[in-house]
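Q:
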Amino acid sequence: MPASSGDDEGATVRFFSFHLMPYPGLPADYDGPAWITCPNELYDPVLGGEIYNRYIDELLYAEEVGFDGVCVNEHHQNAYGIMPSPNLIASVLARQTKRVRIAVVGNALPLYDPPTRVAEEFAMIDCISGGRLIAGMVVGGGPEYYSFSMNPAHARERFAEAHDLIIKAWTEPGPFEYIGKHYKLRYVNSWPRPVQQPHPEIWIPGVGSLETLEFVARHRYAYMGIPYFHISVFERMFSLMRDACRAEGYEADPSQLGWLVPIFVAESDAEARRRYEDHFWYFVRRLLPGINISPPGYTSVRSVENVLKGAGTFALNLQTWQEVIEGQYAIVGSPDTVVEQLGANIERLGVGNLLGLFQIGTLPAPDTHRNLTLFANEVMPRLRQRFGSAPVAATGAEHP
Amino acid sequence: MTALHDATLETGVGTIELRRGGTGGTVPVVYLHSAQGEGQALAFLEELADTHSVVAPLFPGFGASEGLEAIDDIEDASFHLLDVLDRLGFAQVDLLGLSLGGWMAAELATRWPDRVRRVVLVNAVGLYVEGEPIKEIFGRPLDELAGDLYADPDHPVAQLMRAMAQAEMHPGEIPFDVIRPMIQSQAATAKLGWNPYLHNPKLRDRLGRISAPALVVHGSRDGIVPRAHAEAYVAGIPDARLVDLDDAAHMATLERPGEVARLVLGHLQG
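Residue numbers (this note's numbering), protein chains in the order written: chain E, 2 to 401; chain P, 3 to 272.
Structure representation (structure tokens):
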């Protein structure tokens with residue numbers, strides 16, 4: 002279903018390069034989960050340092066080749082994504098880039114106590130980058146509630162309250178007192194304040210929890226569909242998002258919708274599969290196990306019912322490459338194939354933000370570099386032509 | 003065996019379900035269930051009901067009992083149960099609890115000792131004992147958990163849990179009506195026992211306030227709560243004795259109903 006909004010603003014698509022910063026060095030004989038209990042003896046700090054720097058370079062390269070933005074995210078105590086603090090990486094990017102939007106997707110608000118910490122750190126990144134931050138806010142993944150011993154039955158309440166507090170800290174003059182159920186702060190007075198006024202653009206990632214969709218619609222934020230499901234699950238999720246916006250009395254703008262998907266481009270379809278497939282399976286079979294744990298009370302009963310409708314198509318259940326391609330779990334192929342499939346899905350989903358994962362699993366640096374180059378040269382221009390967008394200009398002042 | 007019948011009770015947090023039946027006894031017997039939410043077909047309560055008035059309330063979030071959104075922790079749980087006793091008109095009760103229910107019984111008996119005449123704690127959680135952790139109950143495969151809860155692998159509930167573990171591989175295929183009550187009762191348990199994990203750090207120092215004689219039962223094959231917890235309850239409660247129950251794991255009241263009923267009756271009469 003194409004986006005209903007017909008104005009020029011709504012017809013554009015922004016291109017983001019998203020990095021999970023996965024750990025590529027799990028030993029072949031380890032077959033346990035990559036989350037919560039994955040022994041940290043398996044982490045090699047020397048390799049860790051190498052990949053941090055390499056992955057940061059890959060994000061910087063995305064600006065060089067013309068992406069509109071870069072994305073980082075937060076996960077704890079796992080091998081799937083080694084960014085317990087995405088704000089640290091984002092602050093490096095804020096300093097080292099000049100033009101791209103920096104999307105932190107997001108900070109897991111209930112894990113910050115008090116969450117005014119998020120207001121402060123996001124404002125720092127916004128100041129350092131000259132107003133280029135996209136402030137992502139997330140409830141946090143199921144495993145994080147084990148890793149932090151944080152009560153999952155309070156997750157939604159804490160998220161909503163932390164969100165309100167952060168927005169208030171950014172938009173109302175301090176100092177003020179905030180007395181909520183979970184946070185009681187006598188002096189809220191955030192230094193620094195964000196460059197972007199009244200506050201940075203806000204993105205909320207999700208997997209289809211109804212409360213989250215309704216929350217995003219109510220605040221007119223943007224909803225980022227989290228990957229690793231059959232394309233039909235995204236279709237349903239974005240359709241629910243449009244319904245939620247209509248329930249609030251307006252039509253969703255494509256800029257409020259984002260689709261996160263692994264992408265790999267090579268000279269031909271066969272070459273793409275040959276270079277990519279093993280790295281993708283490392284990701285699916287080694288890094289995903291354990292991600293889908295849903296702690297008690299984390300999701301409301303009605304949302305569990307909704308999320309379960311798509312659960313059977315979760316990427317952990319994938320067996321064959323044919324299933325990957327048919328379900329569009331990853332877009333892999335020649336520039337022509339990738340242009341065609343991304344174009345069709347952008348239109349079908351009605352999204353105004355494409356969030357590509359250009360590195361996945363064990364995909365090495367040269368392949369990632371080449372993937373970004375080919376995408377930027379052979380795919381992005383043709384999609385920009387079709388969807389009428391241009392690279393974003395720098396907003397606000399650059400850092401000195 | 004005297005059958006219990008279903009009833010409801012208006013409470014401060016909402017309408018709750020309860021089972022009740024029988025007459026007799028010095029004071030009514032109140033049974034507090036475990037995190038499994040066992041409420042139906044409790045043979046040992048039916049035996050007690052031959053000679054006692056028995057009431058088994060279902061905690062908010064379990065079955066059709068309302069009011070979980072008003073409860074955040076064990077303190078809220080304690081005040082809810084006090085409200086239940088008040089609304090039932092029970093000035094004093096004999097209190098029995100299994101696991102999570104045992105913890106609640108201990109909380110009530112420390113906070114309002116005059117309301118409790120006798121107390122029975124079966125495989126109760128509620129305490130922290132260094133070096134003797136309570137095993138994880140959240141997020142574990144159901145077939146594995148079944149082995150910790152039931153000594154007899156052929157117990158009907160253990161069989162059901164293993165069947166559900168099989169079905170969990172294909173979550174879209176499980177009828178949602180089967181899942182719904184589990185989701186709610188687990189959320190209720192998490193609210194009380196996620197962190198601190200199934201205990202109240204203050205409870206141990208308060209056990210001396212319990213004036214009721216206590217019977218502390220440990221299922222010798224309990225895979226969840228180590229015996230050291232039963233020992234700690236006995237050490238802390240001024241008048242307490244420990245009984246080991248053979249051939250019983252964590253869900254001892256379901257596994258050995260006749261033996262548990264006999265022990266409880268002995269304690270209530272003593």
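The beta carbon of each residue, even a glycine, is placed where N, CA and C say it ideally should be.
Please work out which residues of its chain come closer than 7 Å, Cβ to Cβ, to residue 138 of chain E, disregarding the five sequence neighbours upstream and downstream, and give them in chain order.
A: Hits under 7 Å: 107, 108, 110, 164, 203, 205.
Q: By the 7 Å beta-carbon criterion, what residues does the segment 183-201 of chain P contribute toward chain E?
A: 185, 186, 188, 189, 191, 192, 193, 196, 197
Q: Since I believe residue 186 of chain P is in contact with residue 119 of chain E (beta carbons under 8 Å), could you give me their beta-carbon distance rounded to a whole number of angstroms?
A: That pair is no contact at about 31 Å.
Q: Taking residue 140 of chain P as the query, report the chain E residues whose CB atoms sit under 7 Å from its CB, ordered along the chain.
A: Contact annotation for residue 140 of chain P against chain E: 296, 297 [CB-CB distance below 7 Å, chain order].
Q: Is the segment 73-82 of chain E touching the segment 288-300 of chain E in the sense that three or more CB pairs, one from each, lie closer than 8 Å?
A: Taking 8 Å as the limit for Cβ pairs, the verdict is that the segment 73-82 of chain E does touch the segment 288-300 of chain E.
Q: Could you pull the DSSP bridge partners for residue 17 of chain E from this structure?
A: E:70, E:356
Q: Using the C-alpha atoms, what's the distance from residue 252 of chain P back to residue 145 of chain P?
A: 15 Å
Q: For the beta strand (DSSP E) holding residue 102 of chain E, just list the boundary residues, first then last.
A: 102-109
Q: Taking Cβ-Cβ distances below 8 Å as the criterion, which residues of the segment 202-231 of chain E are in contact with chain P?
A: none
Q: Could you confirm whether any beta carbon from chain E is found closer than 8 Å to the beta carbon of residue 81 of chain P?
A: no
Q: Would you kindly report the start and end of the unbroken alpha helix (DSSP H) that includes residue 106 of chain P?
A: 102-113
Q: May I ask you to verify whether the segment 79-92 of chain P touches the segment 218-233 of chain P, counting CB pairs closer than 8 Å and requiring at least 3?
A: no
Q: Determine the closest residue to residue 2 of chain P out of P:44, P:35, P:45, P:70, with distance taken between C-alpha atoms.
A: An answer regarding residue 2 of chain P cannot be provided, because it is not within the stretch 3 to 272 covered by chain P.
Q: Residue ranges of each alpha helix (DSSP H) run of no fewer than 4 residues wholly in the segment 175-224 of chain P, ordered along the chain?
A: 178-195, 205-208
Q: Compare the C-beta of residue 17 of chain E against all C-beta atoms of chain P and say whether one is closer than 8 Å.
A: At a cut-off of 8 Å between beta-carbon atoms, residue 17 of chain E makes no contact with chain P.
Q: Buried or exposed for residue 33 of chain E, going by 16 or more other Cβ atoms inside 10 Å?
A: exposed
Q: Assign residue 410 of chain E to one of three DSSP states: helix, strand, or coil.
A: The requested residue 410 of chain E is not part of the displayed model; chain E covers only 2 to 401.
Q: From what residue to what residue does the beta strand (DSSP E) around residue 99 of chain E run?
A: Per DSSP, residue 99 of chain E belongs to no beta strand (DSSP E) and is neither H nor E.
Q: In the DSSP assignment, what residue or residues form a beta bridge with residue 266 of chain E?
A: Residue 266 of chain E is bridged by DSSP to E:334.
Q: Would you mind telling me which residues of chain E sit closer than 9 Å to residue 61 of chain P, beta carbon to beta carbon, in chain order?
A: Those within 9 Å of residue 61 of chain P in chain E number zero; the least Cβ separation is about 14 Å.
Q: Please report the straight-line C-alpha distance between residue 155 of chain E and residue 271 of chain P, rounded to a whole angstrom.
A: 43 Å
Q: Kindly indicate which three-state DSSP category residue 141 of chain P falls into: helix, strand or coil?
A: Correct three-state label for residue 141 of chain P: coil.
Q: In the structure shown, what three-state DSSP assignment does residue 250 of chain P receive?
A: coil
Q: If contacts are defined as beta-carbon pairs under 8 Å, then residue 350 of chain E and residue 239 of chain E qualify, I think. What distance do you get, rounded to the angstrom?
A: Between residue 239 of chain E and residue 350 of chain E the Cβ distance is about 5 Å, and since that is below 8 Å, they are a contact.
Q: Do you know how far the Cα of residue 262 of chain E is from the Cα of residue 223 of chain E?
A: 17 Å
Q: Give me the Cα-Cα distance between residue 50 of chain E and residue 60 of chain E, rounded to the nearest whole angstrom.
A: 16 Å
Q: For residue 124 of chain E and residue 105 of chain E, I'd like the C-alpha separation in whole angstroms.
A: 12 Å
Q: Please classify residue 18 of chain E: is it buried, with 16 or more other beta-carbons within 10 angstroms of its beta-carbon, or exposed?
A: Burial check for residue 18 of chain E: the Cβ neighbour count within 10 Å reaches 16 or more, so the residue is buried.
Q: To be precise: take each residue of the segment 83-100 of chain P, compare its Cβ to all Cβ atoms of chain E, and keep it if any distance is under 9 Å. Which residues remain?
A: For the segment 83-100 of chain P, the set of positions with a beta-carbon nearer than 9 Å to some beta-carbon of chain E is empty.
Q: So the alpha helix (DSSP H) residue 235 of chain E belongs to, where does it begin and stop?
A: For residue 235 of chain E, the enclosing alpha helix (DSSP H) starts and ends at 232-248.
Q: Please classify residue 220 of chain E as buried or exposed, where buried requires at least 16 neighbouring CB atoms within 10 angstroms.
A: exposed
Q: Between residue 236 of chain P and the rest of its own chain, which residues show a CB-CB distance below 8 Å, the 5 nearest in sequence each way excluded?
A: 216, 218, 242, 243, 244
Q: State the beta-bridge partners of residue 7 of chain P as determined by DSSP.
A: P:22
Q: Entirely within the segment 150-220 of chain E and at least 4 residues each: give me those alpha helix (DSSP H) ranges in chain order.
A: 156-172, 211-220
Q: CA-CA distance, residue 43 of chain E and residue 87 of chain E?
A: 22 Å
Q: Does the separation of the CB atoms of residue 97 of chain P and residue 118 of chain P fall below 8 Å?
A: yes
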